[in-house]
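These protein sequence lines map, in sequence, to chains A and B.
According to the working numbering, the first sequence is numbered sequentially starting from 1034.
According to the working numbering, the second sequence is numbered sequentially starting from 148.
Beta carbons are placed, not taken as given, at the ideal position from N, Cα and C, and that holds for glycine.
What you are looking at is a predicted structure, and each value in this text was computed from that prediction instead of being measured.
What follows is a single structure, written as structure tokens, with notes after it.
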Amino acid sequence: MNPELVHTLRELIPQIQGYIYPNEIEIHWGLLIVVYPYITGVVAGAFILASLVKVFNVKEVQPLYRLSLLTALAYLLVAPMALVSHLGHPERFYEILLTPQTSSAMAMFGFVYAWYLMAVLLLEIWFVHRTDMIEWAEHETGLMRHIHRALALYSRDTGDRSVAFDHKALKVITIVGIPSAFLLHGYVGFIFGSIKANPWWSSVLIPIVFLFSAIVSGIALVILLYMILTPLTGGKISMRCVDKAIDFLFYAVIVDFSLELVDFIHRVYQSEEEIKILSEMVMSKLFASLIIIQVLLGMLVPLTLISLTKIFKKRFHLNEDLRKMVYFVAVILIQFGIFATRWNVVIGGQMFSKSFRGLTTYKMEFGGIEGLLFAIFLLALPILILAVLTKILPPWKEMHGQPAPEGVEAAGS
Amino acid sequence: MGKFFERFPDPLARLIVVFLAMLVVGLFVVIVLIPKPMKDVQMQWADAVKREQARPVKYAGFRSCGECHDALYETKKTGYHRDLSCETCHGPAKGHTEDPDNVKPVIPVERAFCPQCHAYDPSRPRGFPMINPVVHNPLKSCASCHNPHDPKPPTTPRECSACHGEIARTKAVSHHVQLECTTCHKTPQQHKVSPRAVKPTKPQTREFCGKCHGKEGKDRMAKNAPKIDLAEHGEKYVCWQCHYPHSPEVEQ
């Protein structure tokens, strides 16, 4: 073996168990590929939450509508960064769009992404905020006035015909947006599920499991942001809204958990040749991240917590603070759980040898483009982008429960 | 143009302008700015194929070995190594097929070679022949005991090992592994019926071991065996009185 490679693998080699092919010692899809499906998942989930207001007419979660759209946009802008950074030449990202290889699922992501960004999310946000931006620009001076006027495409038309068109367009976009959101995240699962040579991934359930965990993480994150941002901006958390959103989260977690359980039972029942090494991996290398964080802390504990608020309804409804605290803990745990899900899929799938006779280990770097620091930066970046977006398109009025401008509210009905 | 846009609601008209502008810029970039060959993915593949084709051919393939070395080829065809290509052990042999006299393929005689596959590794399939290279006949070349073209694991006949299992296991990892039990012992048929009453013979003369270990030993198998001068070495004793024959240890 190449001495340079041996040098870089020196720390890994003593931790390898059993027999493993030389090209499997080092894990090539690292932390960035864990971050990538997590972020796209949040986008899809946040958008689904937004669509509850527009398509399914759930009035209680109206305060979350604009926040979830902005959250989806902030995370969507960061989503491809993890992927193109991992590929090693982020400056060449545009080549995917200019010279597309249509048989590559990952290259086609460029088009799904562009479609989702341009034709769904930006348009929806634009239509939601158009009349607002015209109104804001009228009362503002300086830079902000110019930004709002430019973002409104210098439109000043707030007449009935235009507003009615906004509402119609919003409904159509949201309806188109739901399958698009499914496509955006389902495709990530599709890539993993298509890798036939890897029994940890090769399952038709993977895209659906990805999708439901995406919905779970998106809804949980928007609830978390709402619970943090509302008091910070001087508003009062609407428990009616949080209760309803938590209801949806609860159902989504149950579906997600059931799907994962079905997948697990199916694997155990089939008991194909890989079952031995997979169970060994789950019980040793992935024990903490799969059993403890993903299943126990990320699913069972939040499910129990939310169930308690439903079982002891009276007690919890009398004490709003207790309910808030329980919800808060549950949504944070769910975030960790979903991140661990991504970790277990991506890292777990590469930890066992295709010889089914050995396990390798993952050594995380701290610095560098594949390191922990950069991953933390990527996870923090959407929050920074969201901060900027809320400056330009403040969702506070709606979040604080004040009636949104006439047009937007009517769009929900 | 203005009248055309007036037919649409204001927001739609503005979006149409933005999307048309983006479309024009996009088409301009794709059609005009990107050079044609860059859009052709076949180009990269063609380059890769050319690059691979330009690399020198080093391997001749096992069939070409059989053309000259037909006896070895036939032996290997039915042995345990039948699925290995000749060049797996002997290295690339294209040069040898073109100039057989001057270019000779390698013959791996060093002890480190065979354990690449046959060293003990718990993850190898059950039944795969594995040895511990440190204790398995150290210092001896593998080919001195095993015919690499038709390797057969040495076995002790069931009728001996059924009763003398410990001896069989000891002998299996000793220098005498290749010797049949009957090389040293003559076993009357009656031994199997009344093992205690009728016993196999043991070598009674020093010359018996001397056939291999004597200075003059000419036996083919004994080429690498340690040699002694029978006249000077422990003349009062039969060899097995000092050396345990099923696992003979000597100072090299």
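Nearest-angstrom Cβ-Cβ length linking residue i and residue j, presumed shorter than 8 Å
| i | j | result |
| --- | --- | --- |
| proline 1096 of chain A | tyrosine 1259 of chain A | 7 Å |
| leucine 1065 of chain A | alanine 1408 of chain A | 6 Å |
| valine 1153 of chain A | leucine 1411 of chain A | With a Cβ gap of about 22 Å, valine 1153 of chain A and leucine 1411 of chain A do not count as contacting. |
| lysine 362 of chain B | proline 347 of chain B | Not a contact, Cβ separation roughly 29 Å. |
| valine 1145 of chain A | leucine 1216 of chain A | 6 Å |
| isoleucine 1239 of chain A | glycine 1267 of chain A | Actually they do not touch by this definition, with Cβ atoms about 44 Å apart. |
| cysteine 331 of chain B | proline 350 of chain B | 6 Å |
Proximity of residue i and residue j at Cβ, strictly below 8 Å
| i | j | result |
| --- | --- | --- |
| lysine 251 of chain B | alanine 207 of chain B | no |
| glutamate 1403 of chain A | histidine 1119 of chain A | yes |
| serine 291 of chain B | asparagine 371 of chain B | yes |
| isoleucine 1279 of chain A | isoleucine 1371 of chain A | no |
| methionine 185 of chain B | threonine 1132 of chain A | yes |
| lysine 183 of chain B | proline 239 of chain B | no |
| glycine 1078 of chain A | serine 1271 of chain A | no |
| valine 1088 of chain A | tyrosine 1098 of chain A | no |
| isoleucine 1072 of chain A | glutamine 1383 of chain A | no |
| glutamine 1368 of chain A | alanine 1183 of chain A | no |
| proline 301 of chain B | valine 320 of chain B | no |
| threonine 1164 of chain A | threonine 1207 of chain A | no |
| histidine 393 of chain B | lysine 339 of chain B | no |
| histidine 322 of chain B | proline 203 of chain B | no |
Inter-residue Cα distance where the pair is residue i and residue j
| i | j | result |
| --- | --- | --- |
| proline 990 of chain A | tryptophan 1148 of chain A | Nothing can be reported for residue 990 of chain A: it is not among the residues displayed for chain A, which extend from 1034 to 1446. |
| isoleucine 1248 of chain A | histidine 237 of chain B | 59 Å |
| glycine 274 of chain B | tryptophan 192 of chain B | 44 Å |
| arginine 161 of chain B | glycine 1219 of chain A | 33 Å |
| histidine 1040 of chain A | lysine 1430 of chain A | 58 Å |
| valine 1242 of chain A | phenylalanine 1290 of chain A | 9 Å |
| phenylalanine 1198 of chain A | leucine 1392 of chain A | 59 Å |
| isoleucine 1211 of chain A | glycine 1074 of chain A | 13 Å |
| alanine 1083 of chain A | phenylalanine 175 of chain B | 36 Å |
| glutamine 1327 of chain A | leucine 1333 of chain A | 9 Å |
| isoleucine 1375 of chain A | proline 1070 of chain A | Note on residue identity: the sequence assigns arginine, not isoleucine, to residue 1375 of chain A. The straight-line gap from Cα to Cα measures roughly 7 Å. |
| isoleucine 278 of chain B | proline 262 of chain B | 8 Å |
| proline 1438 of chain A | isoleucine 1310 of chain A | Per-residue confidence for proline 1438 of chain A stands at a pLDDT of 47, beneath the threshold of 50, marking its modelled position as unreliable; the derived number appears in the next sentence. Each residue's Cα considered, the two are about 59 Å apart. |
| threonine 1263 of chain A | valine 1068 of chain A | 27 Å |
| glutamate 1307 of chain A | proline 1232 of chain A | 7 Å |
| glycine 1226 of chain A | phenylalanine 1126 of chain A | 24 Å |
| glutamate 221 of chain B | lysine 197 of chain B | 37 Å |
| glutamate 199 of chain B | threonine 235 of chain B | 21 Å |
| leucine 1294 of chain A | valine 1286 of chain A | 12 Å |
| isoleucine 254 of chain B | cysteine 233 of chain B | 11 Å |
| proline 342 of chain B | glycine 357 of chain B | 29 Å |
| valine 1378 of chain A | serine 1235 of chain A | 11 Å |
| proline 1141 of chain A | leucine 180 of chain B | Here residue 1141 of chain A turns out to be methionine, not proline, going by the sequence shown. Between methionine 1141 of chain A and leucine 180 of chain B, the C-alpha separation is close to 22 Å. |
| phenylalanine 1196 of chain A | alanine 1321 of chain A | Here residue 1196 of chain A is valine; the residue named in the question, phenylalanine, does not match the sequence. Using only the alpha carbons, I get a separation of about 53 Å. |
| isoleucine 1053 of chain A | leucine 1329 of chain A | 31 Å |
| arginine 1356 of chain A | aspartate 1276 of chain A | 9 Å |
| phenylalanine 1361 of chain A | phenylalanine 1349 of chain A | 14 Å |
| leucine 1319 of chain A | isoleucine 1325 of chain A | 9 Å |
| glutamate 1463 of chain A | alanine 1373 of chain A | Nothing about residue 1463 of chain A can be reported from this structure: the residues present for chain A run from 1034 to 1446 only. |
| lysine 1092 of chain A | leucine 1406 of chain A | 40 Å |
| arginine 1273 of chain A | alanine 1230 of chain A | 48 Å |
| glutamine 337 of chain B | alanine 315 of chain B | 21 Å |
| threonine 1337 of chain A | alanine 1115 of chain A | 34 Å |
| serine 1188 of chain A | lysine 1387 of chain A | 60 Å |
| histidine 1299 of chain A | leucine 1292 of chain A | 10 Å |
| alanine 1170 of chain A | methionine 1177 of chain A | 7 Å |
| glycine 1440 of chain A | arginine 1194 of chain A | Here the model assigns glycine 1440 of chain A a pLDDT of 42, short of 50, so the residue's position is not dependable, and the following value carries that caveat. For glycine 1440 of chain A and arginine 1194 of chain A, the distance between alpha carbons rounds to 11 Å. |
Three or more C-beta pairs closer than 8 Å, one from the segment 277 to 292 of chain B and one from the segment 204 to 215 of chain B: is that the case here?
-> no
How about the segment 1417 to 1433 of chain A and the segment 1092 to 1108 of chain A: do they share at least three Cβ pairs that are nearer than 8 Å?
-> yes
At least 3 beta-carbon pairs within less than 8 Å: the segment 285 to 301 of chain B vs the segment 256 to 274 of chain B = yes
Unbroken alpha helix (DSSP H) runs of length 4 or more, entirely within the segment 1381 to 1433 of chain A: which are they?
-> 1381 to 1384, 1405 to 1425 and 1429 to 1432
Within the segment 1154 to 1215 of chain A, note down every full alpha helix (DSSP H) run reaching 4 residues or more, in order along the chain.
-> 1156 to 1172 and 1175 to 1184
Determine, using beta-carbon pairs with one atom in the segment 1235 to 1251 of chain A and one in the segment 1147 to 1166 of chain A, whether at least three such pairs fall under 8 Å.
-> no
Can you list, in chain order, the stretches of the beta strand (DSSP E) that have 3 or more residues and sit fully within the segment 1222 to 1262 of chain A?
-> none
Determine, using beta-carbon pairs with one atom in the segment 374 to 391 of chain B and one in the segment 297 to 309 of chain B, whether at least three such pairs fall under 8 Å.
-> no
May I ask you to verify whether the segment 1189 to 1209 of chain A touches the segment 153 to 170 of chain B, counting CB pairs closer than 8 Å and requiring at least 3?
-> yes
Unbroken alpha helix (DSSP H) runs of length 4 or more, entirely within the segment 222 to 293 of chain B: which are they?
-> 233 to 237, 241 to 245 and 262 to 265
Pick out the complete alpha helix (DSSP H) segments inside the segment 1329 to 1383 of chain A, 4 residues or longer, and give them in chain order.
-> 1334 to 1344, 1346 to 1351 and 1353 to 1379
What are the uninterrupted segments assigned as alpha helix (DSSP H) that are 4 or more residues long and contained completely in the segment 1104 to 1162 of chain A, given in chain order?
-> 1127 to 1131 and 1138 to 1147
So, do the segment 1340 to 1352 of chain A and the segment 1296 to 1306 of chain A have three or more beta carbon pairs nearer to each other than 8 Å?
-> no
Is it true that the segment 1312 to 1329 of chain A meets the segment 1379 to 1396 of chain A, where meeting means three or more beta-carbon pairs spaced less than 8 Å apart?
-> yes
In chain order, what residues of the segment 1193 to 1210 of chain A put their CB closer than 7 Å to some CB of chain E?
-> Structure shown: chain E not included; protein chains present are A and B.
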